[in-house]
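Single-structure report; data block below.
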Amino acid sequence: MAPGPGSNILHADLDAFYASVEQVLDPSLQGRPMAVGGGVVLAASYQAKAFGITAGMAGWRARQLCPELVFVGGHFREYQRLGDAVMAILEDFTPLVERISIDEAFLDVAGSVHLFGPPERMAEDIRARVRAETGLAISVGVARTKHLAKIASQVAKPDGLVVVPLEREGDFLRPLPVGLIWGVGPATRARLAARGITTIGQLAKTDEAALQLLVGRAAGSKLSALAANIDPRSVVGGRRVSSVGAQSALGRRRASPDLVRTTLGYLVDRVGGRLRRSGRAGRTVTVRVRFPGMRTVSRSATLRQAVASTPTLTDVAVELALAALAGNPEETEVTLLAVSVSHLVDEPPTQLVLPFASRPGRLGPDEPDEETRRAVDASMDTIRARFGRQAVGFANVELSPVSRVPDEFRELAERGSGPPGSASPAPSSSRGAG
DNA sequence: TCTGGGGTCCTAGGACCC
DNA sequence: TCTGGGGTCCTAGGACCC
Numbered sequence: 133m134a135p136g137p138g139s140n141i142l143h144a145d146l147d148a149f150y151a152s153v154e155q156v157l158d159p160s161l162q163g164r165p166m167a168v169g170g171g172v173v174l175a176a177s178y179q180a181k182a183f184g185i186t187a188g189m190a191g192w193r194a195r196q197l198c199p200e201l202v203f204v205g206g207h208f209r210e211y212q213r214l215g216d217a218v219m220a221i222l223e224d225f226t227p228l229v230e231r232i233s234i235d236e237a238f239l240d241v242a243g244s245v246h247l248f249g250p251p252e253r254m255a256e257d258i259r260a261r262v263r264a265e266t267g268l269a270i271s272v273g274v275a276r277t278k279h280l281a282k283i284a285s286q287v288a289k290p291d292g293l294v295v296v297p298l299e300r301e302g303d304f305l306r307p308l309p310v311g312l313i314w315g316v317g318p319a320t321r322a323r324l325a326a327r328g329i330t331t332i333g334q335l336a337k338t339d340e341a342a343l344q345l346l347v348g349r350a351a352g353s354k355l356s357a358l359a360a361n362i363d364p365r366s367v368v369g370g371r372r373v374s375s376v377g378a379q380s381a382l383g384r385r386r387a388s389p390d391l392v393r394t395t396l397g398y399l400v401d402r403v404g405g406r407l408r409r410s411g412r413a414g415r416t417v418t419v420r421v422r423f424p425g426m427r428t429v430s431r432s433a434t435l436r437q438a439v440a441s442t443p444t445l446t447d448v449a450v451e452l453a454l455a456a457l458a459g460n461p462e463e464t465e466v467t468l469l470a471v472s473v474s475h476l477v478d479e480p481p482t483q484l485v486l487p488f489a490s491r492p493g494r495l496g497p498d499e500p501d502e503e504t505r506r507a508v509d510a511s512m513d514t515i516r517a518r519f520g521r522q523a524v525g526f527a528n529v530e531l532s533p534v535s536r537v538p539d540e541f542r543e544l545a546e547r548g549s550g551p552p553g554s555a556s557p558a559p560s561s562s563r564g565a566g
């Protein structure tokens, strides 16, 4: 009865997710080139993709490519709701569901065959149910490994099903472009192309040592194994995030301490709240600053104890950002600020926190102690839980147009920092169906 | 008037310890 | 007197994914 080595892994991936949801909500959008977003394309319908429009593209550029393009603002709550509904359908077929974004998941159905029939049949049933219950198209790949299944679903798009039988794996992989391999992006693709390697078949014939020289030790090994069709990864549910962060694009702004304080105040406020809500705290604080021209620098500090309080995190983040600016005096403007907290630990809500390791005196006598800070956090968290985010906040943050993106979108993009099973989101892909 | 926001993993060098 | 190897942690940066 033991399930043998068959094609038991499914990769299910909703097609052009955000755009498809909009077309379901407003049938007049069906069959038309449309995109979610405005200043930037968050997702494009297949009709828009036909004009070369991709996620991440500037809005004006998209309109250039397709003057009749329709932009819609986005119904972020609906994306969350429908994404969750689809995951619930998947979980009807197996408890082994590994959600990797709002619209995409791996399934291991080896243990469900006796209930629902062969994997191929389950894939068909999943597609039919998702279509019937949500109106959305979902493509599915069926294969022996996650790598093969993921590639199969990409090949299946749009609205398709591709099964890779055991005896045809090699034939399936060899002619495909290396860019379909998970982890091969523009940089790696370019390096491989420079050596004349464009297909997975060619990659498989390339010496591992040569690949390591080309793309690095770990990446070379991984690439070599995947090209040789070796993928030992299994489907695992309940992953937890290992860092929590937030960022804001600012346009071009003068790099003033005031801007840094205001922006990081807003960002850390979000990050701290998410940490506390999930009962976690972090030891390492990283701040990223982007300058005009996309050059990015970062500064990080690892504290002796994990921190989750907004005031402490803000102090550390502001200091790091100012250090980053001081280290780049030739840059007078910034285009983005980001903060992230990592080295996460589970933290009881009563923690006491001291800042920087081996830097005594950071909290001077005139500074509020950590206990006071946490009390302030706790009251704000409580008020917001009852009356919403906007009910209370740092005055200067509320008055400044720091965020160009609705909070709903930010919440959607947060991946499962909560308890296992509540994991979610990240926007749609720009790759794959291309 | 040059691209949103939230993540993961890897590398290379230096500090430090045994 | 000069010389070693291995492991861990930290920092800064890069590539990549959804």
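Under this note's numbering, read the first sequence as residues 133 to 566, first letter to last.
Ideal Cβ placement from N, Cα and C applies to all residues, glycine included.
Because the structure is a prediction, the values reported are computed rather than measured.
Selected residue, minimal CA-CA separation from residue i, among the options
i    : options                : result
H207 : S244, G215, L201       : G215
P461 : T266, R386, Q196, D478 : R386
L201 : L247, A151, T226, A237 : A151
G138 : A217, A190, S285, G243 : G243
L396 : T338, R371, P443       : P443
E301 : G383, V241, V347, I332 : I332
V392 : T464, A182, R195, V477 : T464
S472 : L228, S285, A187, G404 : G404
P297 : A455, R323, R276, V241 : R276
A183 : A326, L197, Q344       : Going by the sequence as given, residue 183 is Phe instead of Ala. F183 has its Cα closest to that of L197, out of A326, L197, Q344.
A284 : S430, F541, D145       : D145
G383 : P424, L293, R321, R261 : P424
Q155 : P199, L308, S177       : S177
F541 : Q212, P389, R349       : Q212
A360 : G348, V466, E340       : E340
N140 : M219, S160, T226       : T226
I351 : R327, G370, V316       : Inspection of the sequence shows that residue 351 is occupied by Ala rather than by Ile. If we check each option's Cα against that of A351, V316 comes out closest.
Beta-carbon gap between residue i and residue j smaller than 7 Å
i    : j    : result
A172 : V204 : According to the sequence shown, residue 172 is Val rather than Ala. No, Cβ-Cβ distance for V172 and V204 is not below 7 Å.
L142 : A288 : no
A413 : L399 : no
L468 : A342 : no
T434 : R415 : yes
G210 : V153 : Correcting the residue type first, residue 210 is Glu in the shown sequence and not Gly. In this structure, V153 lies closer than 7 Å to E210 by Cβ.
A438 : V376 : no
R420 : A470 : yes
D240 : L222 : no
A194 : I185 : yes
G191 : G170 : yes
Cut-off 6 Å between Cβ atoms - residues of its own chain near residue i, not counting five sequence neighbours on either side
i    : result
H279 : L358, D363
V368 : E230
M133 : The predicted position of M133 is uncertain, since its pLDDT is 46 and thus under 50; a value taken from the coordinates is nonetheless stated next. Around M133: no qualifying Cβ.
S490 : Summary for S490: the model assigns pLDDT 37, below 50, so the residue's position carries little reliability, and this model does not support an answer.
L569 : With the chain covering only 133 through 566, there is no way to say anything about residue 569.
L293 : A255, V272
Neighbour-count burial assignment, residue i, 16 or more Cβ in a 10 Å radius
i    : result
L531 : Interpretation of L531 is limited by its pLDDT of 38, a score under 50 that renders its predicted location unreliable; the figure taken from the coordinates is listed afterwards. With fewer than 16 other Cβ atoms within 10 Å, it is exposed.
G479 : Strictly speaking, residue 479 in this sequence is Glu, with Gly absent from that position. Classification for E479: buried.
P165 : buried
R494 : Its pLDDT being 42, under 50, R494 is placed unreliably by the model, and the measurement read from it follows with that caveat. The residue in question, R494, is exposed, as its Cβ has fewer than 16 Cβ neighbours within 10 Å.
A428 : The residue you asked about is not Ala; residue 428 is Thr in the sequence shown. Flag for T428 reads exposed.
Q286 : buried
S356 : buried
V417 : buried
D509 : buried
S366 : exposed
E451 : buried
R436 : exposed
A440 : buried
A449 : buried
Contact set for residue i: own chain, Cβ-Cβ below 7 Å, skip 5 residues either direction
i    : result
E252 : V274, V295
R263 : A269
W314 : H279, K282
D291 : D147, A269, S271
S374 : S474, L476
G163 : Q179
R408 : A440, D509, D513
M219 : V229, R231, A237
A312 : First, the residue type needs correcting, since residue 312 is Leu and not Ala in the sequence shown. If we look at L312 and ignore the five residues flanking it on each side, its Cβ neighbours are I283, Q286.
8 Å Cβ shell around residue i - same chain, five flanking residues per side excluded
i    : result
R306 : T331, I332, G333, A336
A217 : E265, T266
D498 : Note that D498 scores 40 on pLDDT, short of 50, meaning its location in the model is unreliable; the coordinates nonetheless yield the value given after this. Once the five neighbours on either side are set aside, D498 has no close Cβ partner at all.
I329 : V310, L335, T338
F488 : Annotation note: pLDDT 43 at F488 (below 50); position unreliable, coordinate value reported separately. A433, L435, R436, V448, R494, listed in sequence order.
To test your reading of the DSSP string, which unbroken alpha helix (DSSP H) runs of 4 or more residues are found completely within the stretch 372-458? List check, alpha helix (DSSP H) in window: 389-409, 442-458.
Can you list the alpha helix (DSSP H) stretches of 4 or more residues lying completely in the stretch 349-375, in chain order? Counting whole runs of 4 or more residues, the stretch 349-375 contains the alpha helix (DSSP H) stretches 349-359.
Taking only runs that begin and end inside the stretch 273-361, name each unbroken alpha helix (DSSP H) of 4 or more residues, in chain order. Complete alpha helix (DSSP H) runs here, min 4: 278-288, 301-305, 318-326, 332-336, 340-347, 349-359.
Would you mind listing the alpha helix (DSSP H) stretches within the stretch 155-210 that are 4+ residues and don't spill past its ends, in chain order? Here the runs fully enclosed are 178-181, 191-197.
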